[in-house]
Amino acid sequence: YQQLAPFPQDFLWGSASAAYQIEGAYQEAGKGQSVWDQFVRIPGKTFKATNGDVAVDHYHRYQEDVALMARAGLKAYRFSISWPRVLPTGRGTVNEEGLAFYDRLIDELIANQIEPIVTIYHWDLPQALQDEYGGWESRQIIPDFTAYAALLFERFGDRVRHWVTLNEQNIFITHGYLTAEHPPAVMDAKRTYQANHMANLANASVIKLFHEKGYQGGNGPSFAYSPTYALDADPVNQIAADDAEQLNANLWLDIYAWGRYPKLILNYWAREGLLPDITAADQALLQDPLARPDFMGLNYYQTTTVTANPLVGGVGLTKQNTSGKKGTSQASGVPGLFKTSDNPYMQQTDWDWNIDPEGLRMALRRIESRYNLPVLITENGLGAYDRLEGAGEVHDEYRIVFLKAHIQAIQEAITDGVTVIGYTTWSFTDLLSWTNGYQKRYGFVYVDRDETDEKELNRYPKDSFYWYQRVIRSNGQQL
Ligand code: BG6
């Protein structure tokens, strides 16, 4: 383009986090246990057996963290509410002390002119619901998740304008039920799609309630979208890329936007004996106009490149699963459909994730052209090894280069005609990277702790902090 369209004046420049990854205080002030509190205690599940018991102690240091956000000039901050902190056993008795923490946090943000964006579910399911009825596999999760969300709408709906229902349903379901990397650590394709169907219904039910009650603002899910490319113009590879896009993206996005599963997926499930139990009442809920999201939340990290994956003598060549969140060095895929391949045009991060800013533009364009919904970019960032030097400095030029290229890609997509309402980078402070401990850092603010030593948990703005401050101040003109 000769000239790029400017970012909208009210563009939500921000950062994001999740309760389990920052709060700590894991059994304080009446909080119940989540499935992650228990999962991290299973030997071998996380890097150096790290857990989020203390995390970066945001529960006690939220004022310091919000002051840093204000200094950076953030317009918005996306965080999640811990379900077991406000409902210790998942339903029934409300923990007022838990709600009071989020009241204080929201008020602190607003006092600093930072708009709160609240994620209702970022993976920390109350353990009680997992024990009682198997969590996401049971239909009981639908009324329970809806009642939990209703409590949050009632309590915070006067101050919160943007709500994210489920964070990365595609990741917590596939990693929880297909690859066993997340709780409840199951490996079963049939159960995967059954649990996924329940999550779809729970999501639709919450958005419907939000609209029925007429709360201010908007509501939508955040999807981990890694657009797929074919390795080359060989038609069989193009079909493989289309299959991957159907199975890794449209399967979720079509439900959110249109309330129906792609026909190619229903056929695939029928062939493989994987069809979930879909009732007429389910279909009615999914297709209810009130259950449509107001925006699509997009978590973008990388793209996936695939080739065809023919069956040899009826046997598949690679194990099932590619959610696009894995490193690219090991091929994965679905026998008979596609398998992942290195992409010769791309460099990788320290964790083998493809670095592909144009992929973000592609993701935005595909969402716009297929679904015609505004997009809130709810995550994007670079996980890297950072080094604290001298008097508390971190020279993370590589992060600046990464983010700059991605912001340029957003501006190009806006110029293309996509409606993008905000960009909350992952993450503001460093935080626990679920299974990777604290070595994989994403923040603008370095938190001085590692897997074995909590140290003082001091905060140090990195070079990228000052860079992002300028970006926000200039509304994206000074990159
Ligand atoms: C997303 C999650 O999957 O990506 C975040 O919503 C997560 O919670 C982020 O931390 C980065 O993933 P990872 O594994 O590098 O921490």
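Read in order, the letters of the sequence shown correspond to residues 3 to 481 in full-length UniProt numbering.
Beta carbons are placed, not taken as given, at the ideal position from N, Cα and C, and that holds for glycine.
Since the structure is predicted, the reported quantities are computational estimates derived from the model, not experimental observations.
Sequence-distant Cβ neighbours of threonine 417 in its own chain, meaning closer than 7 Å and more than five residues away, are Tyr3, Leu6 and Ala7. Pairing valine 58 with aspartate 133, the inter-Cα distance amounts to about 28 Å. A distance below 8 Å between beta-carbons, with the five flanking residues on each side excluded, links tyrosine 150 to the following residues of its chain, in chain order: Trp85, Val88, Leu89, Gly92, Arg93 and Ile122.
In the three-state reduction of the DSSP assignment, phenylalanine 9 falls in the coil class, being assigned neither a helical nor a strand state. Short note on glutamate 183: C-beta not closer than 6 Å to any heavy atom of ligand 1.
Arginine 472 and valine 449 have their C-alpha atoms some 22 Å from each other. Apart from sequence neighbours up to five positions away, the residues of its chain that approach alanine 152 with a beta-carbon distance below 7 Å are Leu211, ordered along the chain. As the crow flies, the alpha-carbon of leucine 384 is around 39 Å from that of alanine 272.
The C-beta distance from glycine 16 to proline 229 rounds to 23 Å, too long to fall under 8 Å, and the pair is not in contact.
Exclusion of tryptophan 254 from the 6 Å shell around ligand 1 follows from its C-beta lying no nearer than that to any non-hydrogen atom of the ligand. Here asparagine 374 is exposed. Its C-beta has fewer than 16 other C-beta atoms within 10 Å. When the Cα atoms are used, glutamine 23 and valine 377 turn out to be separated by approximately 24 Å. For the pair valine 68 and valine 120, the Cα-to-Cα distance works out to about 15 Å. Looking at the backbone, the Cα of valine 166 and that of valine 314 are separated by about 43 Å. When secondary structure is reduced to three states using DSSP, alanine 18 falls in the strand class.
Residue burial annotation: isoleucine 44 is exposed, with fewer than 16 other C-beta atoms found within 10 angstroms of its C-beta.
The continuous beta strand (DSSP E) containing tryptophan 428 extends over residues 422-428. Where phenylalanine 158 is concerned, the enclosing alpha helix (DSSP H) starts and stops at 143-158. Taking the CA atoms as reference points, lysine 47 sits about 32 Å from histidine 408. Rounded to whole angstroms, the separation of the alpha carbons of proline 463 and aspartate 290 is 46 Å. When DSSP assignments are scanned along the segment 224-268, the uninterrupted stretches of beta strand (DSSP E) that are 3 or more residues long and fall wholly within it turn out to be 230-232. Distances from the CB of alanine 20 to the heavy atoms of ligand 1 include at least one below 6 Å. Contact between serine 224 and threonine 52 does not hold, since their C-beta atoms are separated by about 24 Å, which reaches or exceeds 8 Å.
With a threshold of 6 Å, the Cβ atom of glycine 385 counts as near ligand 1, since some heavy atom of the ligand is closer than that.
Every alpha helix (DSSP H) of 4 residues or more that sits fully in the segment 94-118 is shown, in chain order, as 98-113. Contact annotation, glycine 222 with proline 118: C-beta distance approximately 16 Å; criterion of less than 8 Å not satisfied. Taken through DSSP and simplified to helix, strand or coil, lysine 341 comes out as strand.
Taking each of Asp388, Ile412, Ala191 and Ile112 in turn and checking the Cα distance to leucine 366, the smallest one comes out for Ile412.
In this structure, the straight-line span from the alpha carbon of leucine 433 to that of glycine 100 is close to 21 Å. Relative to ligand 1, asparagine 169 has its C-beta within less than 6 Å of a heavy atom. The C-beta separation of leucine 233 from serine 334 comes to about 15 Å, leaving the pair out of contact by the 8 Å criterion. Proximity of the beta carbon of tryptophan 436 to ligand 1 is indicated: a heavy atom of the ligand is located closer than 6 Å. For isoleucine 83, the distance from the CB to the nearest heavy atom of ligand 1 is not below 6 Å. Following the DSSP letters along the chain, one finds glutamate 183 in no alpha helix (DSSP H), marked with neither H nor E. Straight-line spacing of the CA atoms in methionine 298 and glycine 392 works out to 42 Å.
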